[in-house]
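In our numbering, the protein residues as written are 1 to 491. Taking it in order: structure first as structure tokens, then the write-up.
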RNA sequence: GGCGGCGUAGCCAAGUGGCUAAGGCAGAGGUCUGCAAAACCUUCAUUCAUCGGUUCAAAUCCGAUCGCCGCCUCCA
């Protein structure tokens, strides 16, 4: 059974879906006014793995991830660029989709846009006014926070604390500084939609309520987002949603930790961010994905060159093993024997451990999606499999075949949920790493040098062999003489 | 000021009451190798920021102290 840390209760809880066998999940997407940065990537990757994991466990998942495509920042950006808000939004939605595709993030089942749900938002706002939870001032509509008894239950703060600490200039039209805008009257030239209160545009929080209601219902299982959304965004969502429906809005609130740089939050306002595409120009997407999954999703993760290099080293290690498996299995046929007939006693524990990987992986993931631990389990098995490969000479071929193909299957199986470890080793070592621009020779030239070097080695001309090794080394190519021949990898 | 979180080896990082504190990187020694690399083996925290307390038993619970971070304003 899956246990999830719920921000609302500050505890890990057993996941009990509203509808047995189904998960209704909403993740706050991005405001599309600029390229997304690594912090956005973290949430996307983490919640992608979580929704994949639910599917793996047999749940019917409806995953909604929205785009905020109307907002002050989009309007400002449009002004700066002399274009329209709609064009700005379209451009960065496109860019986001490209970034996500490169990171291997699956498409959500529904990817709604705020501007496509104005009607739904207006309906919710109307209902809130009728129920006395909202009021109209000069074409603006504000939510009356004091009218909702549970306000503060998600972010664990009470109204007095917040008023004491209020340090923003207060919109004079609000009855109370904590009240927030549901609908904003548009200024001339701004995007505007007709409403009972005059032309305007929605406030930020109302979109998630309206889109969540429409695509998932008035109560759904999971609502996810970055920790910085807890207050005020998610707190406000709860207030307006529950005030409107009279029902519990969301059962489990999940919040991912930040990506830090030098122990500081990566953010637009600090200017210390790297866009996803900048990072992907330097590091293969799989490195980034492994890096993001190597820390539990609720903890902060520090972005640094060293940490990305660690992730790369991990992938080198994994794919070296995968290459070893592949080389062994190449050209051999699956034996028509039962595993228990041919696997010798000494290898039984390894075989059991391989078959057990799926189970222990799921135990780790069941515990609040502990990808870091799950990856540790994978590397633990990598070492065992490498040991087996190192000693495979003396083994029965049919038994070795069964063990190694079972290992390949097991790694593949868990890799699919994480979205890593799935490539062909050859592709990893060559295409992926070549893509980082570290090798300054074309592949054909490299192969030619290797051929020349092996001729030199055949006549025991070690000086020439070493000279060629050095030439390739300077071009960023490392050579390894294996029993099956010489292979090369980017340094 | 209010609220929340974190502090585990040189580095990254699991572990939240009880077997030997996962896993990776880096380091040291070894096997292998024409030389290398990879891989494998051995080694690498008597100790979990500090100090007290609770308990038969704590990195894990409680209190205090120090340090760091986040939210309270748009923020994944």
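Just so you know, even glycine gets a beta-carbon here, dropped at the ideal spot from N, CA and C.
Helix, strand or coil, according to DSSP, for residue 358 in the structure here?
Sequence index remark: in the first chain, residue 358 carries index 358 (1-based). Looking at residue 358 - three-state DSSP - the assignment turns out to be helix.
Mind checking which residues open and close the beta strand (DSSP E) that includes residue 25?
As a first step, residue 25 must be located in the first chain, where it is residue number 25. Note, residue 25: beta strand (DSSP E), 22-31.
Contained alpha helix (DSSP H) runs [length at least 4] in the region 332-387, N- to C-terminal order
339-342 and 348-366
Checking 8 Å against the spacing of the C-beta atoms, do residue 453 and residue 465 come in under that value?
Walking along the first chain from the start, residue 453 turns up at place 453. Walking along the first chain from the start, residue 465 turns up at place 465. Against a cut-off of 8 Å, the Cβ pair of residue 465 and residue 453 comes out as a contact.
What residue does the beta strand (DSSP E) around residue 68 start on, and which one ends it?
For the purposes of this step, residue 68 is taken as the residue at position 68 of the first chain. For residue 68, the uninterrupted beta strand (DSSP E) segment begins and ends at 60-68.
In the DSSP assignment, what are the bridge partners of residue 224?
In the first chain, residue 224 corresponds to position 224, counting from 1. BP columns for residue 224 point to 27 and 254.
Proximity winner among 269, 183, 145 and 93, relative to residue 176 (alpha-carbon distances)
Position 176 of the first chain, counted from the start, is the residue given in the question as residue 176. Looking at the Cα atoms, 145 is the closest of the given residues.
Pull up the CB-CB distance for residue 256 and residue 297, whole angstroms please, since I reckon it's below 8 Å.
Here residue 256 corresponds to residue number 256 of the first chain, with the count starting at 1. Here residue 297 corresponds to residue number 297 of the first chain, with the count starting at 1. Rounded, the Cβ-Cβ distance is 5 Å, consistent with contact.
Go ahead and pull the three-state DSSP assignment for residue 260.
Within the first chain, numbered from 1, the residue matching residue 260 stands at position 260. Strand.
Run through DSSP, which three-state label would residue 115 get?
As a first step, residue 115 must be located in the first chain, where it is residue number 115. The answer is helix: DSSP assigns residue 115 an H, G or I state.
Where residue 493 sits in the DSSP three-state scheme
Past the boundaries of the shown model lies residue 493; the chain is included only from 1 to 491, so the question cannot be answered.
Between the Cα of residue 15 and the Cα atoms of 404, 416, 446 and 365, which residue gives the shortest distance?
The sequence position of residue 15 within the first chain is 15, counting from 1. The shortest Cα separation from residue 15 among 404, 416, 446 and 365 belongs to 365.
Just how far apart, CA to CA, sit residue 61 and residue 450?
Indexing the first chain from 1 puts residue 61 at position 61. Indexing the first chain from 1 puts residue 450 at position 450. Here the C-alpha atom of residue 61 lies approximately 51 Å from the C-alpha atom of residue 450.
Would you please state the rounded distance, in angstroms, between the beta carbons of residue 66 and residue 22? I believe it to be under 8 Å.
Counting from one through the first chain, the residue named residue 66 turns up at place 66. Counting from one through the first chain, the residue named residue 22 turns up at place 22. Going by Cβ atoms, the distance from residue 66 to residue 22 rounds to 20 Å, so no, they are not a contact pair.
Residues of its chain near residue 122, where Cβ-Cβ distance is below 6 Å and the 5 sequence neighbours each way are ignored
Position 122 of the first chain, counted from the first residue, corresponds to residue 122. Correct list, in chain order: 195.
When you compare only the Cα positions, how much space is there between residue 332 and residue 406?
For the purposes of this step, residue 332 is taken as the residue at position 332 of the first chain. For the purposes of this step, residue 406 is taken as the residue at position 406 of the first chain. Taking the straight line from one Cα to the other gives about 14 Å.
Here's a check: name, in chain order, each residue in its chain whose Cβ is nearer than 6 Å to the Cβ of residue 8, leaving out the five neighbours to either side.
Working through the first chain from its first residue, we reach residue 8 at position 8. Excluding the 5 residues flanking it on each side, residue 8 has same chain C-beta neighbours closer than 6 Å at 154 and 253, in chain order.
Look at the alpha carbon of residue 363 and the alpha carbon of residue 301, and state the distance between them as a whole number of angstroms.
Counting from 1 along the first chain, the entry for residue 363 is found at position 363. Counting from 1 along the first chain, the entry for residue 301 is found at position 301. Cα to Cα, the separation comes out at about 23 Å.
Looking at residue 141: is its Cβ nearer than 8 Å to the Cβ of residue 204?
The residue you call residue 141 lines up with position 141 of the first chain. The residue you call residue 204 lines up with position 204 of the first chain. Their beta carbons are not under 8 Å apart, which means residue 141 does not touch residue 204 by this criterion.
Please work out which residues of its chain come closer than 7 Å, Cβ to Cβ, to residue 305, disregarding the five sequence neighbours upstream and downstream, and give them in chain order.
The sequence position of residue 305 within the first chain is 305, counting from 1. Counting only Cβ-Cβ distances below 7 Å, and skipping sequence neighbours, we find nothing.
For residue 422, tell me which candidate among 411, 460, 432 and 429 has the shortest Cα-Cα distance.
Here residue 422 corresponds to residue number 422 of the first chain, with the count starting at 1. Per the Cα distances, 411.
Nearest-angstrom beta carbon gap, residue 178 and residue 159 [assumed within contact, 8 Å]:
The sequence position of residue 159 within the first chain is 159, counting from 1. The sequence position of residue 178 within the first chain is 178, counting from 1. Yes, they are in contact, since the Cβ atoms of residue 159 and residue 178 sit about 7 Å apart, within 8 Å.
Does residue 517 come out as helix, strand or coil in the three-state DSSP assignment?
Residue numbering for the chain in the displayed model covers 1 to 491; residue 517 lies beyond these limits and cannot be assessed.
Best match in 342, 283, 314 and 326 for proximity to residue 431 [C-alpha to C-alpha]:
Looking up residue 431 in the first chain gives position 431. Of 342, 283, 314 and 326, the residue nearest in Cα terms is 283.
Span of the beta strand (DSSP E), counted from its first residue to its last, around residue 141
Reading the first chain from its first residue, position 141 is the one you call residue 141. Residue 141 -> beta strand (DSSP E) spans 140-143.
Residue from 130, 371 and 233 with nearest C-alpha to residue 181
In the first chain, residue 181 corresponds to position 181, counting from 1. Each of 130, 371 and 233 was checked against the Cα of residue 181, and the nearest Cα belongs to 233.
Residue 358 versus 56, 30 and 3, residue with shortest Cα-Cα distance
Here residue 358 refers to the residue found at position 358 of the first chain. Relative to residue 358, the option among 56, 30 and 3 whose CA is nearest is 56.
Bounding residues of the beta strand (DSSP E) (the contiguous stretch that carries residue 183):
The count along the first chain starts at 1 and reaches residue 183 at position 183. Per DSSP, residue 183 belongs to the beta strand (DSSP E) from 180-185.
When you compare the region 316-328 with the region 425-442, are there three or more beta-carbon pairs, one atom per stretch, that lie closer than 8 Å?
yes
Could you compute how far the alpha carbon of residue 46 sits from the alpha carbon of residue 108?
For the purposes of this step, residue 46 is identified with residue 46 of the first chain, where counting begins at 1. For the purposes of this step, residue 108 is identified with residue 108 of the first chain, where counting begins at 1. Those two C-alpha atoms are separated by around 13 Å.
Since I believe residue 312 is in contact with residue 35 (beta carbons under 8 Å), could you give me their beta-carbon distance rounded to a whole number of angstroms?
Counting from 1 along the first chain, the entry for residue 35 is found at position 35. Counting from 1 along the first chain, the entry for residue 312 is found at position 312. Between residue 312 and residue 35 the Cβ distance is about 23 Å, and since that is not below 8 Å, they are no contact.
Proximity below 8 Å, CB of residue 102 to CB of residue 280
As a working note, residue 102 is residue 102 in the first chain. As a working note, residue 280 is residue 280 in the first chain. Cβ distance < 8 Å, so residue 102 and residue 280 count as in contact.
Would a C-beta distance cut-off of 8 Å place residue 503 and residue 68 closer than the cut-off?
With the chain running from 1 to 491 in the structure shown, residue 503 is simply not present.
So what's residue 4 in DSSP terms, helix, strand or just coil?
Indexing the first chain from 1 puts residue 4 at position 4. In this structure, residue 4 counts as strand in the three-state DSSP scheme.
Just checking my contact of residue 219 with residue 124 at CB under 8 Å: how many whole Å lie between their CB atoms?
Here residue 219 corresponds to residue number 219 of the first chain, with the count starting at 1. Here residue 124 corresponds to residue number 124 of the first chain, with the count starting at 1. Contact doesn't hold; Cβ gap of about 15 Å is too wide.
I need the boundaries of the beta strand (DSSP E) containing residue 136, first residue and last residue.
Numbered from 1 along the first chain, position 136 holds the residue referred to as residue 136. Segment 134-137, the beta strand (DSSP E) holding residue 136.
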